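Under UniProt numbering, think of the first position of the sequence shown as 14, with each following residue one higher. Cβ coordinates follow ideal geometry from the N, Cα and C atoms, glycine included. Note that this is a predicted model, so its numbers are computed, not measured. Data first, discussion second: the structure below is written as structure tokens.
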Amino acid sequence: PVPKEPPKIHRLDESVVNRIAAGEVIQRPVSAVKELVENSLDADSTSINVVVKDGGLKLIQVSDDGHGIRCEDLPILCERHTTSKLSKYEDLQSIKSMGFRGEALASMTYVGHVAVTTITKGQLHGYRVCYKDGAMVNEPKACAAVKGTQIMVENLFYNMIARRKTLQNSSDDYTKIVDLLSRMAIHHINVSFSCRKHGAARADVHSIATSLRLDSIRTVYGVSVARNLMKLEASENDSSSLVFKMDGFISNSNYVAKKTTMVLFINDRLVDCAALKRAIEIVYAATLPKASKPFIYMSIVLPPEHVDVNVHPTKREVSLLNQELIVEKIQSAIELKLRESNDTRTYQEQT
Ligand code: ADP
Ligand code: MG
């Protein structure tokens, strides 16, 4: 064959780069909801309300009662890499906020139409402004507002035809959004959450701020889950410094389900840990006579320097130091608890 001329290398347009990157941060409607709700939590909100139309493709609206956004910050709000949460790289080690990349809002403006209404404390009126491709579409307009921020994302993926098509054919994004908010609600129990379909009278998630986790789980997941839970705690220290601390609720032998529900927060971040989930399922299968899958809510606290939160833009996966040790410890704590409760049960049945 005749050797081909090498193709010319050129620099991609910034708008192309941004749209490609945005598609990675906002993979589906539920990713946008997660980012918006995390922003509301970072803004110290006590009430967060979500409205969704057409699985999030037509509309995602998140309203909060947080600290709002300063008018003078609105021009750069949706530019890539603008944030109020991080200044220098070293801050990442001890970051407490959910966000830090300054990418979420920007990403949404590259793959959807974004409108922001916000008011800060002591102001007589709020501002409303729309964004597209990282920039303001109009000057902020004065408008009536109560407290906090409302962000609307419309026509998500209007400019990504393949993505829109695949999502339109799958009807489960609203289910994913409800699932996400249920998880958030039982962890952030001092915040009230709601989630409803646009135009629906009833909310599908409706939590009330409480100081008792079990109350929150009952409200969100129902009585049949809450009455079959046991409290679980475990921790490990290494010559007086903390390795990990865990507390949560796990289902007992009366609980019946075909699928595992595993709600895991590590340093207040909702994450997945396949290894831990598998380890827990193994204990349940080995300890309980009937093979029910468990319900698990677990909050693990680690020294911040032991978690790398910056593995992926969605931050859903994290890398842990001492992961094997932690998994082992939690596994044996659960096994002990299950055996204890099983023994009492057998005893009660006999007497
Ligand atoms: P990040 O959360 O990583 O900083 P985002 O793009 O999600 O990046 O948000 C950019 C900035 O916009 C945040 O740092 C915050 O200052 C502000 N912001 C976004 N959403 C809200 C909100 N609901 N309330 C108050 N401020 C917000
Ligand atoms: Mg954010």
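Span of the alpha helix (DSSP H) around residue i
| i | result |
| --- | --- |
| Glu51 | 42-55 |
| Ala288 | 287-300 |
| Met121 | 117-124 |
| residue 402 | This structure cannot settle anything about residue 402, because the visible part of the chain is limited to 14 through 364. |
| Arg177 | 174-182 |
| Asp191 | Looking at the sequence provided, one finds Val at residue 191 rather than Asp. First-last of the alpha helix (DSSP H) with Val191: 186-200. |
Residue i, enclosing beta strand (DSSP E) - first and last residue
| i | result |
| --- | --- |
| Asn168 | Run containing Asn168: none; DSSP gives neither H nor E here. |
| Leu227 | Not the beta strand (DSSP E): Leu227 falls in the alpha helix (DSSP H), residues 226-234. |
| Asp77 | 72-77 |
| Ile279 | 274-279 |
| Ser266 | Taken as a continuous stretch (DSSP letters only), Ser266 belongs to no beta strand (DSSP E), as it is neither H nor E. |
| Ser97 | Counting along the chain, Ser97 falls outside any beta strand (DSSP E), and DSSP gives it neither H nor E. |
| Asn203 | Unbroken run through Asn203: none, as it is neither H nor E. |
| Ile61 | 60-66 |
Collapsed DSSP secondary structure at residue i in the structure displayed
| i | result |
| --- | --- |
| Val331 | coil |
| Cys208 | strand |
| Thr131 | strand |
| Gln344 | helix |
| Asp356 | helix |
| His23 | coil |
| residue 7 | Look at the range of the chain in this structure, 14 to 364, and you will see that residue 7 is not part of it. |
| Leu315 | coil |
| Leu105 | helix |
| Lys17 | coil |
| Cys91 | coil |
| Ile82 | coil |
Environment of residue i [buried if 16+ CB atoms lie within 10 Å]
| i | result |
| --- | --- |
| Glu48 | buried |
| Ile339 | buried |
| Gln74 | buried |
| His201 | buried |
| Tyr297 | buried |
| Ser254 | exposed |
| Cys156 | exposed |
| residue 9 | Within the shown structure, residues of the chain are numbered from 14 to 364, placing residue 9 beyond reach of any answer. |
| Arg141 | buried |
| Tyr234 | buried |
| Lys350 | buried |
| Glu318 | exposed |
| Lys154 | exposed |
| Pro307 | buried |
Sheet register partners of residue i (DSSP bridge)
| i | result |
| --- | --- |
| Glu249 | Phe257 |
| Ala155 | Tyr140 |
| Ala304 | Paired residue(s): none; Ala304 is not in a bridge. |
| Gly161 | Ile132 |
| Ile309 | Ile263, Met275 |
| Val320 | Leu333 |
| Leu283 | Phe278 |
| Ala148 | Lys145 |
| Lys244 | Phe262 |
| His219 | Ser207 |
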